[in-house]
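Written out below as structure tokens is the structure these notes cover.
2 protein chains.
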Amino acid sequence: MDVRTLCLGILALGDASGYEIKKMVAEGSFSFFSEASYGSIYPSLTRLTEEGFVTCEFFSQDKRPDKKIYSLTEKGRLALTEELRRDPGPDKNRSEFLAALLFAEAVSPDRIQNLVEERIDEHRMKIRSLQKLLDEAMSPASHFVINYGIAMQKAALDYLEHHQASLIKKIIAAGPTE
Amino acid sequence: MDVRTLCLGILALGDASGYEIKKMVAEGSFSFFSEASYGSIYPSLTRLTEEGFVTCEFFSQDKRPDKKIYSLTEKGRLALTEELRRDPGPDKNRSEFLAALLFAEAVSPDRIQNLVEERIDEHRMKIRSLQKLLDEAMSPASHFVINYGIAMQKAALDYLEHHQASLIKKIIAAGPTE
DNA sequence: AAGCATTATATCGTACTGATAGTATTTTCT
DNA sequence: AGAAAATACTATCAGTACGATATAATGCTT
């Protein structure tokens, strides 16, 4: 899904500024399964406005920088529906951590153990932050999606906790790492 | 992790051509947590060669297109080790499917049910293909990584199977979708 | 024999990331 | 109180990567 459609979808849930869209993909319910940078959000919103899929209202704020609030137009809503009619592509998982594990066989088992333990902590934190999000989530779909995220994080955590020791043992057994 | 480092890492596990690297990230042990296109692999290998991180040998094959086999140099191995010393960034999950669920609240429950069922099938297939990979995997790390992938796929499958019905029910209850 | 998959290299337009810049306020630390 | 850091906002740009496509020979299937 391109950033264009992502913006359309987020605006379908409510008006927002570019900054708020960025916050949602970085920290909100979207944070688990999407990302987008300012460098793609702002140009997308500009183009979407030019093409009539969204409208933009300018707010001069007193004690804050000016704000541009974008709203979906009927044309935009139609375009989104059209986009959602096509089958979603497969999920994509990127993990520098797993890549490092594969590549780092020649690296000290201590370092690997350390890496795994850090990762376990990160999963615990992520679970906590998703559980917090759950309280704010209103729609059934957002509940479903956040709980999906929690389930995934728990599965990763569980796997790491239960297979950590055996990995280290096997790596030590497999090769004398210089 | 950029494609440059990915190439370095894969070449650390054995010599390969650009085509083979692409195959590994698309179908091999790497397929679960990384991706790279020809448009990034070939230029990376060219630059890596120019900079002395890899060497390239040309093979004229009889019944196949010519092949360029790349090998890691000592300098390349050092650069990889250096790269792996830094902490890996957080995992990134992208899911058009979950995005579609969130955005598609106004879409018919039938369509959502359909989407979820398709996804369940895809997870089942993915699990089977990962289990096949497991037979070929040699190193302890690749076993660990593939089993990690299987655990994740199973968790997703499990979640969808167990929460599917309740999602549909809630969506029907929540709003009369026109 | 036609048509598609596989093996292989390579490029190109477009999209996206990550970093950076600018400006103003509130919060936190010492 | 004053400094430092975080928050709130917009925006651009160089570099990087994606996805599609070109090319070309061979093998497999119907």
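As they're listed, the protein sequences go chains A and B. If you're matching positions, the first sequence starts at 1 in the UniProt record's numbering and goes up one per residue. If you're matching positions, the second sequence starts at 1 in the UniProt record's numbering and goes up one per residue. Just so it is clear, CB atoms sit at the ideal spot from N, CA and C, and this is done for glycine as well. Note that the structure is a prediction, hence the values are computed from the model and not measured.
Q) Per DSSP, which one or two residues make a beta bridge with E57/B? A) I69/B
**Q.** Reference I41/A, options G28/A, L8/A, G52/A, closest by Cα
**A.** L8/A
Q. Closer than 9 Å, Cβ to any Cβ of chain A: which residues of the stretch 84 to 111 of chain B, in chain order?
A. L84, R85, D87, P88, G89, P90, D91, K92, N93, R94, S95, E96, F97, L98, A99, A100, L101, L102, F103, A104, E105, A106, V107, R111
Q: Entirely within the UniProt domain "Transcription regulator PadR C-terminal" (94 to 163) of chain A and at least 4 residues each: give me those alpha helix (DSSP H) ranges in chain order.
A: 96 to 103, 109 to 136
Q) Where does R4/A fall in DSSP's three states? A) helix
Q. For H123/A, does the count of other Cβ atoms within 10 angstroms reach 16, so buried, or fall short, so exposed?
A. buried
Q | alpha helix (DSSP H) segment containing E27/A, residue limits | A | 18 to 27
Q) Can you name, in chain order, every residue of its own chain whose Cβ lies under 6 Å from the Cβ of G149/A, other than the five neighbours on each side? A) F32, L130
Q. Got a sec: is the Cβ-Cβ distance from residue 208/B to anything in chain A below 7 Å?
A. Because chain B here runs from 1 to 178, residue 208/B falls outside it and cannot be looked at.
Q) Among all the DSSP beta bridges, which residues are the ones paired with K75/A? A) For K75/A, which the question treats as bridged, DSSP gives no partner whatsoever.
**Q.** Residues near F59/B by beta carbon distance below 8 Å, same chain, minus five either side
**A.** D66, K67, K68, I69
Q) Buried or exposed: N93/A, going by 16 or more other Cβ atoms within 10 Å of its Cβ? A) buried
Q.
Just to confirm the assignment, what range does the alpha helix (DSSP H) spanning G39/B have?
A. 38 to 50
(Q) Give me, in chain order, the residues of the same chain whose beta-carbon lies closer than 8 Å to that of S34/A; leave out the 5 immediate sequence neighbours on both sides. (A) M1, L6, V25
(Q) Taking only three categories from DSSP, how would you classify K63/A? (A) coil
Q | Cβ-Cβ distance between G76/B and F53/B below 7 Å | A | yes
Q | Chain-ordered residues of the UniProt domain "Transcription regulator PadR N-terminal" (8 to 81) of chain B with a beta carbon less than 9 Å from chain A | A | L8, G9, I10, A12, L13, S29, F30, F32, F33, S34, E35, R77, L80, T81
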